[in-house]
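**Q** Residue numbers (this note's numbering), protein chains in the order written: chain S, 1 to 210; chain C, 211 to 420. Just passing along the structure, written as structure tokens.
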DNA sequence: CTTCAACCTGACCATACGGTCAGGATTGGA
DNA sequence: TCCAATCCTGACCGTATGGTCAGGTTGAAG
């Protein structure tokens, strides 16, 4: 017991605290933007003294950077759904499913990401130019191959990707607007399914695979 | 001359200054967010002393409110393209064209709007609940009528509208990301046309009118 | 038990921000 | 020409914010 727990105790506390702070930060950054967010607000949200945040994250920008990186990771992992798919119907369908699920489960993260990009990507510009660019080129090639093989209607793969990003992330980023237009109530399970199916139906039919 | 110019002079100056300030504010709010924007930055951008801004707009929030309202107006006017259309191909096609044009010509405005909604629409919530809701209901009915008349494939009109908003506004809100993935260069005239045509092709085929 | 590093935090500081205001300049009607 | 209204702004103020730090607490290795 002691022999196994003790060595982990310190590391655990650190991981837990960091995670707690990051979660609170994600929410506050999403709701107030980087400029509108304050360390005090994040501290209150996390139930910790402000000075404690500065113990784990030197500056507000460091904390923000970490939040953005985490989201980027989740974002990229959604790509796995697209890999190893037999064709566009399966691959793109699964990708839409995955991204809609992310919009539902990580709405704050999606907003932070949107905000970061809208402001000119001051902290993740290098990621855009390396990781994201490579990822995009790769997927575009996959789509192009599907087109060449006659598995789907011809289109510019990049614009198709933009469309997928836009439509799926819209449900997170503009969730408040959608909620308002839904009578002030969040989308129910059924409505989320309808949204997902609706997006898939139009996109898949739009690229000629339905 | 004097009789006609003089009475306008004062009003003209006022209109020009207000417009100048609003334009600068739109850009700064778009690039820094409400919280990150400062009156000093806006003043510098407009080439005016900070105190002058406060002469025309009592508070930062007043200025912001005006910026958001202006964008909302432009946004709603795009709806005119959809009105009086014979069918979905014409109506929705024209609406996409109009919204893509707005994304190109008013990228700052689009970002401010996105930011406002993402942060829970603190200053235009009432507009969302009245004007936007009415507008949306109206258009949804038009689309439903097209569906009932067999002019397009069945779908939830609201989700179709969300898709149109998402895809078109994405080119403004995520313009920086698109630019980065375009080799760091803004979309050319040809690329904008390609984007517009690409979106229209997928959406129109997606609702079965191509 | 001792020791040391990691962890924690109340109190504090310099700065930058939104906003104010007194007083000056300009305009235009009488 | 005079005067009142409008326009303009440098200097100023209170506050809130990001960040610091000295000094205390806790955990665990020896």
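We put the beta carbon where it would ideally sit given N, CA and C, even for glycine.
(1) Does residue 410/C come within less than 8 Å of chain S when only Cβ atoms are used?
(2) Could you tell me whether any Cβ in chain C is nearer than 8 Å to the Cβ of residue 85/S?
(3) Pair every Cβ in the region 323-336 of chain C with every Cβ in the region 168-181 of chain S, then say whether three or more of these pairs are closer than 8 Å.
(4) Exposed or buried, what is residue 24/S when buried is set at 16 or more other beta-carbons lying within 10 Å of its beta-carbon?
(5) Which residue's Cα is closest to the Cα of residue 100/S: 74/S, 84/S, 123/S?
(6) Answer with yes or no whether the minimum CB distance from residue 212/S to chain C is below 8 Å.
(7) Keeping to the same chain, check which residues put their C-beta closer than 7 Å to that of residue 337/C; ignore five residues upstream and five downstream.
(8) Between residue 63/S and chain C, is any beta-carbon pair separated by less than 8 Å?
(9) Please say whether residue 96/S and residue 164/S have beta carbons closer to each other than 8 Å?
(10) For the region 328-344 of chain C, enumerate the residues whose C-beta is nearer than 9 Å to any C-beta of chain S, in chain order.
(11) Buried or exposed: residue 358/C, going by 16 or more other Cβ atoms within 10 Å of its Cβ?
(12) Taking any Cβ of chain C, which residues in the region 145-170 of chain S have a Cβ under 8 Å from it, in chain order?
(13) Secondary structure at residue 47/S, three-state DSSP: helix, strand or coil?
(14) Compare the C-alpha of residue 144/S against each of 113/S, 131/S, 55/S, 158/S and name the closest.
(15) Do you know whose CA, among 313/C, 402/C, 271/C, 341/C, lies nearest residue 239/C's CA?
(16) For the pair the region 242-253 of chain C and the region 196-207 of chain S, tell me if three or more CB-CB distances fall below 8 Å.
(17) Below 9 Å on C-beta distance, what does residue 250/C contact in chain S?
(18) Do we get a CB-CB distance below 8 Å when we pair residue 321/C with the residues of chain S?
(19) Please return the same chain residues whose Cβ sits closer than 7 Å to the Cβ of residue 91/S, not counting the five positions on each side in sequence.
(20) So, helix, strand or coil for residue 130/S, using DSSP?
(21) Out of 98/S, 41/S, 107/S, 130/S, point me to the one whose CA is closest to residue 196/S's CA.
(22) For the candidate residues 198/S, 40/S, 10/S, whose alpha-carbon lies nearest to that of residue 364/C?
(23) Whole-angstrom Cβ separation of residue 58/S and residue 20/S, contact assumed at under 8 Å?
(24) Along chain S, in chain order, which residues have C-beta atoms closer than 8 Å to that of residue 351/C?
**A** Straight from the coordinates:
(1) In the second chain, residue 410/C corresponds to position 200, counting from 1. No, no contact with chain S.
(2) Working through the first chain from its first residue, we reach residue 85/S at position 85. It does not; no Cβ of chain C falls within 8 Å.
(3) Output reads yes: the region 168-181 of chain S touches the region 323-336 of chain C.
(4) Residue numbering aside, residue 24/S sits at position 24 when the first chain is read from its first letter. Per the 10 Å Cβ criterion, buried.
(5) Numbered from its first residue, the first chain carries residue 100/S at position 100. For the residues 74/S, 84/S, 123/S, the minimum Cα distance to residue 100/S belongs to 74/S.
(6) No statement about residue 212/S is possible, as the shown extent of chain S runs from 1 to 210 and does not include it.
(7) Stepping through the second chain from its first residue, residue 337/C is reached at position 127. Around residue 337/C: 282.
(8) Translated into the one-based positions of the first chain, residue 63/S becomes position 63. No Cβ of chain C is located within less than 8 Å of the beta carbon of residue 63/S.
(9) As a working mapping, residue 164/S is identified with position 164 in the first chain. As a working mapping, residue 96/S is identified with position 96 in the first chain. The answer is yes: Cβ separation under 8 Å.
(10) Within the region 328-344 of chain C, the residues whose Cβ lies closer than 9 Å to some Cβ of chain S are 328, 329, 330, 331, 335, 338, 339, 342, 343, listed in chain order.
(11) As a working note, residue 358/C is residue 148 in the second chain. Residue 358/C is classed as exposed because its beta carbon has fewer than 16 other beta carbons within 10 Å across all chains shown.
(12) Among the residues of the region 145-170 of chain S, those with a Cβ less than 8 Å away from any Cβ of chain C are 153, 155, 156, 158, 159, 160, 162, 163, 165, 166, 167, 169, 170, in the order of the chain.
(13) Here residue 47/S is taken as the residue at index 47 of the first chain, counted from 1. Here residue 47/S sits in coil by DSSP.
(14) Translated into positions along the first chain, residue 144/S becomes position 144. Restricting attention to 113/S, 131/S, 55/S, 158/S, the CA atom closest to the CA of residue 144/S is found in 158/S.
(15) Position 29 of the second chain, counting from 1, holds the residue named residue 239/C. Among 313/C, 402/C, 271/C, 341/C, the Cα nearest to that of residue 239/C belongs to 271/C.
(16) Counting Cβ pairs under 8 Å, fewer than three are found: no touch.
(17) Within the second chain, the letter at position 40 stands for residue 250/C. Within 9 Å of the CB of residue 250/C, no CB atom of chain S is found; the nearest one sits about 14 Å away.
(18) Residue numbering aside, residue 321/C sits at position 111 when the second chain is read from its first letter. Answer yes: the Cβ-Cβ gap between residue 321/C and chain S drops below 8 Å somewhere.
(19) For the purposes of this step, residue 91/S is identified with residue 91 of the first chain, where counting begins at 1. Around residue 91/S, the same chain offers 82, 85 as residues with beta carbons nearer than 7 Å, after the five sequence neighbours per side are excluded.
(20) Here residue 130/S is taken as the residue at index 130 of the first chain, counted from 1. In this structure, residue 130/S counts as helix in the three-state DSSP scheme.
(21) Indexing the first chain from 1 puts residue 196/S at position 196. The option with the nearest alpha carbon to residue 196/S is 98/S.
(22) Along the second chain, one-based indexing puts residue 364/C at 154. Comparing Cα positions, the closest option is 198/S.
(23) Reading the first chain from its first residue, position 58 is the one you call residue 58/S. Reading the first chain from its first residue, position 20 is the one you call residue 20/S. About 17 Å separates the CB atoms of residue 58/S and residue 20/S; that is not less than 8 Å, and the two are not in contact.
(24) Translated into the one-based positions of the second chain, residue 351/C becomes position 141. Think of a sphere of 8 Å around the beta carbon of residue 351/C: no beta carbon from chain S falls inside it, the nearest being about 14 Å out.
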